[in-house]
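The opening residue of the sequence shown carries number 10 in the numbering used here; numbering runs sequentially from there.
Glycine included, each C-beta is placed from N, C-alpha and C at the ideal position.
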Amino acid sequence: MANPDQNDHALVYGLPASVVSRITNFDNPSQEWRRLFAEILGTFFLVLVAAGGGMMAAQFDGAVGRVAAVTAPGLMVTALILCMGKVSGAHFNPVVSLAFALRGDFPWRRVPGYIVAQCAGGLLACLFLQSVINISAGYGATYPAHNTTDYAAVLMEAVLTLG
Numbered sequence: 010m011a012n013p014d015q016n017d018h019a020l021v022y023g024l025p026a027s028v029v030s031r032i033t034n035f036d037n038p039s040q041e042w043r044r045l046f047a048e049i050l051g052t053f054f055l056v057l058v059a060a061g062g063g064m065m066a067a068q069f070d071g072a073v074g075r076v077a078a079v080t081a082p083g084l085m086v087t088a089l090i091l092c093m094g095k096v097s098g099a100h101f102n103p104v105v106s107l108a109f110a111l112r113g114d115f116p117w118r119r120v121p122g123y124i125v126a127q128c129a130g131g132l133l134a135c136l137f138l139q140s141v142i143n144i145s146a147g148y149g150a151t152y153p154a155h156n157t158t159d160y161a162a163v164l165m166e167a168v169l170t171l172g
């Protein structure tokens, strides 16, 4: 009779344990496509919510309140981390990928793929918003203050993201 402590059909997150260990194994190169797809999808949804709130408010005369527009991205990041954190690490931002690599917690060989995936996800979200809402994508963007140089703005964004 089989030992009841050794269950070959153990479930983790509702999936067989063997499947979960294969998906979450960051050293398994055959799972790289899952990691990159998770980064594309996660970045898509993050940009969709973060930029979409401002664009919706501009197009539909305040249909999205300021509280909702600033709270929704935080809630989206939380949901994405919970859903995709085990698959890709849930970076969703090139500076986050660079920060993890600089700390030695993420292999440098994966950084270019992650950055391309994140940029693709963001671009797809912008194109989607532009086609659906049909207003200037600038309404979902943030701009530096009038006297701020581009270099200072990029540096500040990088520092705040790393923090």
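Taking its Cβ as the centre, do 16 or more other Cβ atoms sit within 10 Å of ALA126, making it buried, or is it exposed? By the 10 Å Cβ count, ALA126 comes out buried.
Between the stretch 73–85 and the stretch 103–123, are three or more C-beta pairs nearer than 8 Å? Touching, no, given that fewer than three Cβ pairs across the two stretches are closer than 8 Å.
Do you know offhand how far ALA99's Cα is from HIS155's? In a straight line, the C-alpha of ALA99 is about 33 Å away from that of HIS155.
Take ASN102 as the anchor and find which of ALA162, PHE53, MET165 has the nearest alpha-carbon. Comparing Cα-Cα distances from ASN102 to each of ALA162, PHE53, MET165, the minimum goes to PHE53.
Sequence-distant residues of its chain with Cβ nearer than 6 Å to ASN12 (five each side left out): A caution first: ASN12 carries a pLDDT of 49, below 50, which makes its placement in the model unreliable, though a value can still be read off. Here the set comprises nothing.
Quick check: the stretch 129–143 against the stretch 164–171, are at least 3 beta-carbon pairs closer than 8 Å? No contact exists between the stretch 164–171 and the stretch 129–143.
With 16 other Cβ atoms within 10 Å as the buried cut-off, status of VAL58: Around the beta-carbon of VAL58, 16 or more other beta-carbon atoms lie within 10 Å, marking it buried.
Applying the 10 Å Cβ sphere with the 16-neighbour rule, what's the burial state of GLU48? Buried, since its Cβ has 16 or more Cβ neighbours within 10 Å.
Mind checking MET10: buried by the 16 CB within 10 Å criterion, or exposed? The pLDDT assigned to MET10 is 47, lower than 50, so where the model puts this residue is not dependable; a value taken from the coordinates is nonetheless given after this. The residue is exposed, with fewer than 16 neighbouring Cβ atoms inside 10 Å.
Between SER39 and ALA66, what straight-line distance do the alpha-carbon atoms span, to the nearest angstrom? When rounded, the distance between both Cα atoms is 43 Å.
Going by the beta-carbon positions, is the gap between LEU55 and LEU89 smaller than 8 Å? Taking 8 Å as the Cβ cut-off, LEU55 and LEU89 qualify as a contacting pair.
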